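Here the protein sequences come in this chain order: A and B. The first sequence begins at 1 in this note's numbering and counts up by one. The second sequence begins at 1 in this note's numbering and counts up by one. A virtual CB, placed ideally from N, CA and C, is assigned to each residue, including glycine. Only a predicted model underlies this, so the values are computations on that prediction, with no experimental measurement involved.
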Amino acid sequence: MATAKMRVSYSISAFVVLFTLLNVGKCDEQVPLMLWTSEGISLPSQSPPPAGHIVGQDQLDAYLHEALTAGPRNVLLFLQDKMSIEDFTIYGGAFGNKQDSSFPNLEGALLSSPSPLVLPAVSWPASNAVIGELQDQLETSPLYMDAETLSQLRLNASSPALLVFRLPYGTGADLMSAREILSGNDEVIGQVLSIMKTQSVPYVAIYTALRPSQEAAAALSLEAGVGGGRSLLQSRGSHKERERERERQRKVKEKAGIYGPVEFKERDTTCILLWATSLSVSILRGGHWEDHDLTPSTFGEGVSPKLHGSVCDQTKARLVLNYEDVLGHRNFKLIFAMSQRHYQVSARRWFTMDAVELEYDGTKATFNGSRNIYAPAEYSYRCDSVTSFRWPALFPRSSKDPANQWRVSFEDFQIQGFNVTGSDFSYASDCAGFFTPGIWMGLMTSLLMVLVLTYGLHMIMQLRTMDRFDDPKGPAISVPQTE
Amino acid sequence: MLLEWMMNGHAILYTGVTVAFWTTILIVGICYTIFDLGFRFDVAWFLTETSPFMWANLGIGLAISLSVVGAAWGIYITGSSIIGGGVKAPRIKTKNLVSIIFCEAVAIYGIIMAIVISNMAENFSGTTPETIGARNYQAGYSMFGAGLTVGFSNLFCGICVGIVGSGAALADAQNASLFVKILIVEIFGSAIGLFGVIVAILQVNNTDNLDLVNSCSKNIT
């Protein structure tokens, strides 16, 4: 009994030991380290470590020793709380989106330095000890500074100095604030480097961290698509993960100025989708047109237009956008009325935009859109310009309709009222075909002319000289010149 | 023998063009079908979007041009025979001018119809099918149809009269009593051109809108 208990406890302790050992050797416990010198100072070139190699304490000491004996004795150490190589992957604009990079100053410094050294993986006990190591090598104590105190300090090229700049890192797992923090840190680096440049003191700069940022590593697995092309390599997770990914993608797109469509949901399934780059209405008052742009109240991040009164069923779809205070009317509604049915001749279901209505103060201005705005029921309709005055696609219902006083203009307009799957548009049937009517007319007429030409050419080509009375052996014809 | 026929320049050209044309049509059609874009092939859109003026003027143009082709063809056939026969029998030339006149009549039918049809075409205001109105479309199509009718009937009438006239001239050169009998055949041939003219006038008259007046006053519903 006692031996059994001992055996159990022995195995448990062995397991715990193994677990901790394995934990210590976990693969995301590295911190990158970047080292560069000021312009004009070049160190003897050191071979960077092979890919995937984790630089240990001794090797890091060797690198630092090499750099500090040959180079300047002023060291700027930018020590961030946490850093991982994934931070640079996610926020460094590594996938063709350089404009989103959070490290412009760092990149500039590394590129302009004559001898930069990038160690992508330094084991973090070693990076933790980098202050101590530098202290030993320079034989001077570190000075903790920030950008303001640096500008007051006068540095000497001959005497060694170790200036440490502590940079924060986010505590929460909120990705957006991590980007901002890293951008802020990069700005601090930029300020410090520019101050050093004005003082024209040669220096060696090191950018590293005390600990790896595990949030970045964990977040990356859920983070498909945000500035990271990892989405392509990411293995398909569960449905929930995919939902979360899509949510994040949408948030980022909204921040970037791209917005999603207006969705009308009936019982939690999206029924009507509408998107446009511009929705505007104008009224004719006192001989001139007064415009009002409805786009900011309809589209954009954080904008949710009121859709009361919208209805959606199998054959009819009605999207009602409610606005307040438009052109002096307190309650203004923009209504899109669509219907779909089966058409026998084409043996297909089509949907048409029956009317675009403007309702205000009890008056209803109706534009008829069924002539031009139609598409097969499975697809969405998209048109570059849907207006009632410029190559109009919308016409006032009658000559006495109040719509004659109004103008509407939708730019880059896309709408779908039926057969919506998910919350994306189906294939967009564009209002612009391949050939315009004018091109067709020209082609038809030209074809007719070509046929006529061909026939005439054929006739001419089969004319032959009469050779019935030719006599090759007879005398040649002589045409006398004179009478 | 097929190879010999193939070696003919004309045959190569025509087969080449035809094959290219039909291949293009076939490939475009297949692509549209595969991508479920068959709905884009919209004949109604073509007919309502193309201007009725194009159809009307094509009709007018075809009326006169096809008639003239028929007349010219007939005249050159008859003319060559008369001139040829007249070498040996000069007496035929005056009498056989009648055949030439029958051919010429065909061209006259054509130009009369062209003038009649073009007089019926007037301006209309309207940019969309609704505002243009069904009557204007009908006008356009009727004029096109009338032009085709008179053009093609006159074309074949002219050829017919020409060949008969040529035979008449040569027969006349041989035997003067034959000419009057053959003239009856020519008259029958000429009648078919007249049929074409009558039908074309009926087509164009049936449309009482032929004025293509502005239909702005119509209520657009």
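Those residues which DSSP pairs with Phe-332 (chain A) across a bridge: Numbered from its first residue, the first sequence carries residue 332 (chain A) at position 332. Answer is A:Tyr-323 and A:Tyr-360.
CB-CB length for Met-83 (chain A) against Ala-209 (chain A), believed under 8 Å: On the first sequence, residue 83 (chain A) is found 83 positions in, with the first residue counted as 1. On the first sequence, residue 209 (chain A) is found 209 positions in, with the first residue counted as 1. Indeed they touch by this definition, with Cβ atoms about 3 Å apart.
Around the C-beta of Leu-233 (chain A), are 16 or more other C-beta atoms found within 10 angstroms, so that it is buried, or is it exposed? Within the first sequence, the letter at position 233 stands for residue 233 (chain A). Any reading at Leu-233 (chain A) must be qualified, since the residue scores a pLDDT of 49, below 50, and its modelled position is unreliable; no value is offered.
For His-292 (chain A) versus Leu-327 (chain A), is the C-beta spacing smaller than 7 Å? Residue numbering aside, residue 292 (chain A) sits at position 292 when the first sequence is read from its first letter. Residue numbering aside, residue 327 (chain A) sits at position 327 when the first sequence is read from its first letter. It is a contact, given that the beta carbons lie within the stated cut-off.
Can you tell me whether Lys-473 (chain A) is helix, strand or coil according to DSSP? Position 473 of the first sequence, counted from the first residue, corresponds to residue 473 (chain A). DSSP places Lys-473 (chain A) in coil when its eight states are reduced to three.
Can you tell me the Cα-Cα spacing of Ala-67 (chain A) and Asp-81 (chain A), whole angstroms? Here residue 67 (chain A) is taken as the residue at index 67 of the first sequence, counted from 1. Here residue 81 (chain A) is taken as the residue at index 81 of the first sequence, counted from 1. Rounded to the nearest angstrom, the two C-alpha atoms are 24 Å apart.
Asn-404 (chain A) to Ser-282 (chain A) span [Cα, whole Å]: Residue numbering aside, residue 404 (chain A) sits at position 404 when the first sequence is read from its first letter. Residue numbering aside, residue 282 (chain A) sits at position 282 when the first sequence is read from its first letter. Roughly 11 Å separates the two Cα atoms.
Compute the Euclidean distance between the alpha carbons of Asp-361 (chain A) and Glu-290 (chain A), then round it to the nearest angstrom. As a working mapping, residue 361 (chain A) is identified with position 361 in the first sequence. As a working mapping, residue 290 (chain A) is identified with position 290 in the first sequence. Rounded to whole angstroms, Asp-361 (chain A) to Glu-290 (chain A) spans 18 Å at the Cα level.
Using the Cα positions of Phe-469 (chain A) and Ala-114 (chain B), report the straight-line distance between them to the nearest angstrom. Within the first sequence, residue 469 (chain A) is the residue found at index 469, counting from 1. Within the second sequence, residue 114 (chain B) is the residue found at index 114, counting from 1. Each residue's alpha carbon lies about 44 Å from the other.
Beta-bridge pairing of Glu-290 (chain A) - partner residues as DSSP gives them: By one-based count along the first sequence, residue 290 (chain A) stands at place 290. Answer by DSSP bridge pairing, in chain order: A:Ile-283.
Using a Cβ cut-off of 8 Å, pull out every chain B residue sitting near Arg-348 (chain A), in sequence order please. Counted from its first residue, the first sequence places residue 348 (chain A) at position 348. What Arg-348 (chain A) touches in chain B: Phe-39.
Below 8 Å on the Cβ atoms is my guess for Gly-165 (chain B) versus Gly-74 (chain B); work out the distance and round it to an integer in Å. Here residue 165 (chain B) corresponds to residue number 165 of the second sequence, with the count starting at 1. Here residue 74 (chain B) corresponds to residue number 74 of the second sequence, with the count starting at 1. The Cβ separation is near 7 Å, so the contact holds.
Taking Cβ-Cβ distances shorter than 7 Å, what residues in chain A pair up with Phe-46 (chain B)? Translated into the one-based positions of the second sequence, residue 46 (chain B) becomes position 46. Trp-440, listed in chain order.
Inter-residue Cα distance where the pair is Ser-115 (chain A) and Leu-279 (chain A): Taking the first sequence and counting its residues from 1, the one referred to as residue 115 (chain A) is at position 115. Taking the first sequence and counting its residues from 1, the one referred to as residue 279 (chain A) is at position 279. Roughly 55 Å separates the two Cα atoms.
So what's Trp-45 (chain B) in DSSP terms, helix, strand or just coil? On the second sequence, residue 45 (chain B) is found 45 positions in, with the first residue counted as 1. In this structure, Trp-45 (chain B) counts as helix in the three-state DSSP scheme.
Please confirm if Pro-376 (chain A) has its CB atom under 7 Å from at least one CB of chain B. Taking the first residue of the first sequence as 1, we reach residue 376 (chain A) at position 376. Pro-376 (chain A) counts as touching chain B.
Under the three-state reduction of DSSP, which class applies to Val-479 (chain A): helix, strand or coil? Indexing the first sequence from 1 puts residue 479 (chain A) at position 479. Reduced to three states, the DSSP call for Val-479 (chain A) is coil.
Is Pro-487 (chain A) close to chain B? Criterion is C-beta to C-beta, closer than 7 Å. Summary: the structure shown does not reach residue 487 (chain A), with chain A confined to residues 1 through 483, and so no result is reported for it.
What is the C-beta distance between Pro-485 (chain A) and Glu-378 (chain A), in whole angstroms, given that I count them as a contact (C-beta under 8 Å)? This structure cannot settle anything about residue 485 (chain A), because the visible part of chain A is limited to 1 through 483.
So with Cβ pairs under 7 Å, would you call Thr-78 (chain B) a contact of chain A? By one-based count along the second sequence, residue 78 (chain B) stands at place 78. Output row for Thr-78 (chain B): interface = no.
Run of the beta strand (DSSP E) containing Ser-409 (chain A), from where it starts to where it stops: Against the first sequence, residue 409 (chain A) aligns to sequence position 409. It spans 406–416 - the beta strand (DSSP E) in which Ser-409 (chain A) sits, taken as one unbroken run.
Looking at the secondary structure, which residues open and close the alpha helix (DSSP H) in which Met-487 (chain A) lies? The displayed coordinates of chain A run from 1 to 483. Any statement about residue 487 (chain A) would go beyond what the structure contains.
If you count every other CB in all the chains shown that lies within 10 Å of the CB of Ala-224 (chain A), and 16 or more means buried, which is it? Taking the first residue of the first sequence as position 1, residue 224 (chain A) is located at position 224. Caution is warranted here: a pLDDT of 46 is assigned to Ala-224 (chain A), below 50, making its placement in the model unreliable, and no coordinate value can be reported.
Gln-481 (chain A) burial status per 10 Å Cβ neighbour count (16 or more: buried): Indexing the first sequence from 1 puts residue 481 (chain A) at position 481. By the neighbour-count rule (16 or more Cβ atoms within 10 Å), Gln-481 (chain A) is not buried but exposed.
His-10 (chain B) versus A:Gly-456, A:Ala-375 and A:Glu-359, residue with shortest Cα-Cα distance: Within the second sequence, numbered from 1, the residue matching residue 10 (chain B) stands at position 10. With distances taken between Cα atoms, His-10 (chain B) lies closest to A:Gly-456.
Spatial distance of Glu-130 (chain B) from Val-408 (chain A) (CA atoms): The residue given as residue 130 (chain B) occupies position 130 in the second sequence. The residue given as residue 408 (chain A) occupies position 408 in the first sequence. In a straight line, the C-alpha of Glu-130 (chain B) is about 20 Å away from that of Val-408 (chain A).
Threshold first: 4 residues or longer. Then list the alpha helix (DSSP H) segments lying entirely within the stretch 70–156 of chain A, N to C. 85–91, 104–112, 124–128, 130–138 and 147–152
How about Phe-264 (chain A) and Ser-339 (chain A): are their beta carbons less than 7 Å apart? By 1-based counting over the first sequence, the position of residue 264 (chain A) is 264. By 1-based counting over the first sequence, the position of residue 339 (chain A) is 339. Cβ atoms of Phe-264 (chain A) and Ser-339 (chain A): not closer than 7 Å.
Candidates A:Tyr-207, A:Gln-99, A:Gln-46 and A:Thr-140: which alpha carbon is nearest Ile-85 (chain A)'s? Residue numbering aside, residue 85 (chain A) sits at position 85 when the first sequence is read from its first letter. For Ile-85 (chain A), the nearest C-alpha among the options comes from A:Tyr-207.
In the DSSP assignment, what residue or residues form a beta bridge with Arg-382 (chain A)? To locate residue 382 (chain A), count along the first sequence from 1; it is residue 382. Paired residue(s): A:Gln-414 and A:Asp-430.
For Thr-37 (chain A), does the three-state DSSP call read helix, strand or coil? Numbered from 1 along the first sequence, position 37 holds the residue referred to as residue 37 (chain A). In this structure, Thr-37 (chain A) counts as strand in the three-state DSSP scheme.
Sort out for me which residues DSSP pairs Cys-312 (chain A) with in a bridge. The sequence position of residue 312 (chain A) within the first sequence is 312, counting from 1. A:Ala-317, per the DSSP bridge assignment.
Spatial neighbours of Ile-159 (chain B) within its chain, please: C-beta separation below 8 Å, excluding the five flanking residues on both sides. For the purposes of this step, residue 159 (chain B) is taken as the residue at position 159 of the second sequence. Correct list, in chain order: Gly-70, Trp-73, Gly-74 and Ile-77.
Could you name the residues that DSSP lists as bridge partners for Phe-165 (chain A)? Working through the first sequence from its first residue, we reach residue 165 (chain A) at position 165. A:Phe-78 and A:Met-145, per the DSSP bridge assignment.
Touch check for the stretch 141–153 of chain B and the stretch 192–203 of chain B: three-plus C-beta pairs under 8 Å? yes
Counting only Cβ pairs nearer than 9 Å, list the residues of chain A close to Met-54 (chain B). Taking the second sequence and counting its residues from 1, the one referred to as residue 54 (chain B) is at position 54. Ordered by position in chain A, the residues that pass the 9 Å Cβ test against Met-54 (chain B) are Met-441, Met-444 and Thr-445.
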